[in-house]
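Numbering of the sequence shown is given in UniProt numbering, commencing with residue 1 and proceeding in unit increments. The next block holds one structure in the form of structure tokens; read it before the comments.
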Amino acid sequence: MSEAPKIEEEDAVFGEITEEGPNYRNVGFLGTVILMMKTQIGLGLLSVPGAFDVLGIVPGIICLCAISCITTWSAYIIGTFKLHHREVYGIDDAGHLICGQVGRGVLSIAFCLFIIVTIAVGVQDRPATAPQTDTPWVPDYKIIGKPTFTSAISAVSTLLFAFSGTPGFFAIVSEMRNPRQYTRAVLICQVFVTVLFAVVGCVVYYYCGSYVASPALGSAGGTMKKVCYGLALPGLIVTMTIVAHIPAKYIFIHILRGSHHLTSNTPIHWMAWLGCTFGVVVIAYIIASAIPVFDGLVSLIGALLVPLMCFQPYGAMWLYDNWGQRRDTPKRWYFMVCWSVFVIVIGTFLMVAGTYGSVVGIIDTYKTSGGSSAFSCADNSNSV
């Protein structure tokens with residue numbers, strides 16, 4: 001008679017973690033920082049210079065820093081909420097605590113759609129699109145832009161997409177060996193990412209001006225564009241792998257949660273995992289082919305789904321955990337209530353207005369002569 005596998009840990013999400021199955025709680029501090037950075041740094045970075053072209057350098061940096069501050073606070077709330085509610089694995093679990101089955105249903109659908117569509121986005125001496133003349137190239141960058149409302153709100157939505165990795169931090173903190181190191185990891189990640197986005201956005205836009213391409217790698221010269229894409233491709237593949245892993249694992253855990261198959265290397269365990277991964281990638285490919293407009297797709301995701309994933313839920317989460325603590329620190333409590341409500345309101349405004357601006361932009365692109373059409377396999381990388 002064989003002995004039962006030794007139980008190494010009892011987890012509120014994964015159940016009994018044994019020697020015979022995978023150890024989900026095995027991410028250290030350095031690994032957490034790296035995963036957070038790679039979750040945040042993706043194709044959103046390549047669209048930042050284009051957003052600066054619309055808004056101008058100064059308003060663009062201000063918007064970038066404002067979005068960074070709000071998403072950093074949102075990421076911090078994930079850590080505190082997880083410590084208070086160990087059974088939470090994803091944003092849908094938080095929605096279930098706050099709004100019951102309706103909250104779980106809305107946020108789970110939005111989360112899966114958001115991450116899957118995010119995967120879909122992945123699919124010389126002057127800018128390649130600048131006029132080719134014999135005179136030296138002088139970039140026509142703008143310190144302060146004069147965009148229309150729709151173009152401005154679409155550019156802000158594009159910057160939102162650059163920080164869209166925040167909901168993936170739920171899974172990361174759930175798999176940390178020591179979740180109390182989470183806040184420090186968040187601060188390191190967000191500071192590094194914000195500085196990187198600002199520097200890359202400013203430098204590329206300064207040298208390319210209004211002829212900056214989106215994705216930004218298309219701004220290089222003919223040969224260099226291909227070299228840049230070749231160098232960037234491994235990083236984009238890693239990003240796609242991580243981003244595909246998040247919704248696949250989310251679905252996988254919700255299918256097998258409460259079953260011994262979740263933490264055991266059984267055939268059902270592997271069939272479920274491979275099926276979830278394959279399904280996520282296939283759906284992402286279909287969406288990418290249906291909307292092959294890089295800028296428009298980034299802006300649409302940033303407007304329609306990012307506020308719902310990075311803004312509103314975290315204001316509600318703070319209110320849920322702290323509503324009854326008014327008597328302890330009244331001044332701080334009133335300030336945080338106002339801040340949480342502000343985050344919810346501004347997120348709702350960006351979602352509605354940004355979606356309108358993004359849809360108008362996509363429609364205009366399809367109307368433009370030579371614009372991309374669905375499933376056309378046309379090049380949208382600006383590399384040829």
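A virtual CB, placed ideally from N, CA and C, is assigned to each residue, including glycine.
- Remark: three or more beta-carbon pairs, one from each stretch, lie closer than 8 Å, so the region 192–200 and the region 38–49 are flagged as touching.
- In terms of Cβ geometry, L64 and L159 form a close pair [threshold 8 Å].
- The beta carbons of D364 and H84 sit about 46 Å from each other, so the pair does not count as a contact at 8 Å.
- Look at V27 here: in three-state DSSP terms it is strand.
- Cβ contact annotation for F311 (same chain, cutoff 6 Å, sequence separation greater than five): V343, G347, in chain order.
- The region 163–173 and the region 200–208 do not touch, with fewer than three beta-carbon pairs separated by less than 8 Å.
- A straight-line Cα-Cα distance of about 7 Å links V186 and V33.
- By the CB criterion at 8 Å, S174 and K249 fall outside the cutoff.
- Looking at the backbone, the Cα of I301 and that of V360 are separated by about 14 Å.
- Within the DSSP secondary-structure output, M37 pairs in no beta bridge.
- Counting every other CB atom within 10 Å of its CB across the protein chains shown gives G357 a total of 16 or more, marking it as buried.
- Closest by C-alpha distance to F192, out of K331, C69, Q325, C338, is C69.
- The shortest C-alpha to C-alpha distance from Y89 to any of W73, S108, S74, C99 is the one to S108.
- Going by C-alpha positions, T150 is about 8 Å away from G354.
- Distance between R104 and F111, taken at the CA atoms: about 10 Å.
- According to DSSP, M317 shares a beta bridge with no other residue.
- Excluding residues up to 5 positions away in sequence, Y314, M317, W318 lie with their Cβ nearer than 7 Å to the Cβ of I77 in the same chain.
- Taking C-alpha positions only, S154 is separated from K367 by approximately 18 Å.
- Ranked by Cα distance from V282, the first of M240, N265, I253 is M240.
- With fewer than 16 neighbouring CB atoms inside 10 Å of its own CB, G28 falls in the exposed class.
- Counting C-beta atoms within 10 angstroms of its own C-beta, L46 has 16 or more neighbours from the protein chains shown and is therefore classed as buried.
- Here G95 is buried: its Cβ has 16 or more other Cβ atoms, across all protein chains shown, within 10 Å.
- Close CB contacts of G145 within its chain, under the 7 Å cut and outside five residues either way in sequence, are with V54, L55, G56, P59 (chain order).
- Residues of the same chain with a CB within less than 8 Å of the CB of I143, apart from the 5 flanking positions on each side, are G56, I57, V58 in chain order.
- The beta carbon of M351 lies closer than 7 Å to those of A303, L304, P307, L308 in the same chain, with the five residues before and after it left out.
- By a beta-carbon distance limit of 8 Å, G79 does not contact Y207. Their separation comes to about 39 Å.
- Contact between C276 and I246 is ruled out by a C-beta separation of about 11 Å, above the 8 Å threshold.
- The beta carbon of V106 sits closer than 7 Å to those of G95, all from its chain and outside the five residues before and after it, given in chain order.
- The continuous alpha helix (DSSP H) containing P59 extends over residues 57–84.
- In this model, D93 and I242 are separated by some 21 Å (Cα to Cα).
- In this model, N265 and S157 are separated by some 42 Å (Cα to Cα).
- No Cβ-Cβ contact shorter than 8 Å links H261 with I253.
- Rounded to the nearest angstrom, the Cβ distance from T71 to F163 is 4 Å, consistent with a contact under 8 Å.
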